[in-house]
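Following: one structure in structure tokens, then a few remarks.
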Amino acid sequence: MILPIVAYGDPVLREVAETVDANYPLLKELIQNMFDTMYNAYGVGLAAPQIGISKRLFVIDAAPFADDEAKSPEERKYLSTFKRVFINPQIVEETGELWEFNEGCLSIPDVRENVWRHPDITVTYQDENFVLKTEHFTGLAARVIQHEYDHIEGILFTDRVTGLRKQLIKNKLENIRIGKTRPEYRMRYAKLKK
Ligand code: ZN
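Structure, rendered in structure tokens:
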């Protein structure tokens, strides 16, 4: 089931999300709904707060990045199969020289800005069956995880934009907050909520 995506300005996007326990009701359905919602909006990642649920859970499918011909065949192959469910993740290590990439967010339509992040991360998390895993990720895969991890900490990529660019996106963000945006997918605006 496709759910509306919470827009910038909703307080749920600013909360530090809560741990998910193994008895969380209808978790399988929730995960499926999150994938459906993400695919419908042509996203590569979606965190639970973005559908209004303040839980430490996000889904990723980086397959669309595999079409980028500028990348090596190895990276394209890896990204084509990089699909995961992350429950209660912890980024335990971030290393390497910061690199810049143009990010976007389904909760912040039509805003794209360069963000600096570390290229190498180690993450412990539980998968959709609550099996504990520790994995190392690099490059774009790491980038998507870092972006989604920020969501469960109440951080948005626009918080990481600095200087003049931050000033330049101010009006765009305000327009999203008050519902003056028309993405191709259904959104939920805090301002319009009863
Ligand atoms: Zn996002």
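By our numbering, the letter at position 133 of the sequence shown is numbered 1330, and the numbering carries on one by one without gaps.
Where is the CB? At the ideal position from N, CA and C, for every residue including glycine.
Can you tell me whether DSSP reads residue 1242 as helix, strand or coil?
-> Looking up residue 1242 in the sequence shown gives position 45. The answer is strand: DSSP assigns residue 1242 an E or B state.
Which full runs of the beta strand (DSSP E) of 3+ residues lie inside the segment 1309 to 1383, going along the chain?
-> Whole beta strand (DSSP E) segments, 3+ residues: 1310 to 1314, 1317 to 1323 and 1329 to 1335.
Closer than 6 Å by C-beta to residue 1280: which residues in its own chain qualify, once you throw out the five before and the five after it? Chain order, please.
-> As a working note, residue 1280 is residue 83 in the sequence shown. Within the same chain, residue 1280 has close Cβ partners 1258.
Under the rule that 16 or more other beta-carbon atoms within 10 Å means buried, what is residue 1360, buried or exposed?
-> On the sequence shown, position 163 is the one that residue 1360 refers to. Classification of residue 1360: exposed, given that the 10 Å Cβ count is below 16.
Selection from 1299, 1329, 1302 and 1342 that minimises the alpha carbon distance to residue 1318 | Within the sequence shown, residue 1318 is the residue found at index 121, counting from 1. That would be 1342, whose Cα lies nearest to the Cα of residue 1318.
Check whether the Cβ atoms of residue 1287 and residue 1320 sit closer than 8 Å, and answer yes or no.
-> As a first step, residue 1287 must be located in the sequence shown, where it is residue number 90. As a first step, residue 1320 must be located in the sequence shown, where it is residue number 123. By the CB criterion at 8 Å, residue 1287 and residue 1320 fall inside the cutoff.
Is the beta carbon of residue 1365 within less than 7 Å of some heavy atom of ligand 1?
-> Your numbering for residue 1365 matches position 168 in the sequence shown. Residue 1365 Cβ: outside cutoff for every heavy atom of ligand 1.
Just mark residue 1293 as buried or exposed, buried being the case when its beta carbon has 16 or more other beta carbons within 10 Å.
-> Position 96 of the sequence shown, counted from the first residue, corresponds to residue 1293. With fewer than 16 other Cβ atoms within 10 Å, it is exposed.
Counting only the same chain and skipping the five closest in sequence on each side, list residues whose C-beta sits under 7 Å from that of residue 1213.
-> Translated into the one-based positions of the sequence shown, residue 1213 becomes position 16. 1350 and 1351.
What does a CB cutoff of less than 6 Å around residue 1387 pick up in its chain, not counting 5 residues either side in sequence?
-> Residue 1387 sits at position 190 when you count from the first residue of the sequence shown. Closer than 6 Å at Cβ, skipping near neighbours: 1206 and 1207.
If you follow the alpha helix (DSSP H) that residue 1229 is part of, which residue opens it and which one closes it?
-> Here residue 1229 is taken as the residue at index 32 of the sequence shown, counted from 1. Its alpha helix (DSSP H) spans residues 1224 to 1237.
Closest residue to residue 1299 among 1272, 1337, 1283 and 1289 (Cα-Cα distance) = Locating residue 1299 in the sequence shown gives position 102, counting from the first residue. Considering only alpha carbons, the answer is 1337.
Pairwise C-alpha distance: residue 1220 and residue 1364 = Indexing the sequence shown from 1 puts residue 1364 at position 167. Indexing the sequence shown from 1 puts residue 1220 at position 23. C-alpha separation (whole angstroms): 44 Å.
Under a three-way DSSP split, which group does residue 1203 fall into?
-> Against the sequence shown, residue 1203 aligns to sequence position 6. It is a strand residue.
List the DSSP bridge partners of residue 1252.
-> Position 55 of the sequence shown holds residue 1252. According to DSSP, which records beta bridges pairwise, residue 1252 is partnered with 1215.
Coarse secondary structure for residue 1264, derived from DSSP in three states | The residue you call residue 1264 lines up with position 67 of the sequence shown. Reduced to three states, the DSSP call for residue 1264 is helix.
Among 1332, 1306, 1273 and 1331, which residue has its Cα nearest to the Cα of residue 1376?
-> Reading the sequence shown from its first residue, position 179 is the one you call residue 1376. Of 1332, 1306, 1273 and 1331, the residue nearest in Cα terms is 1306.
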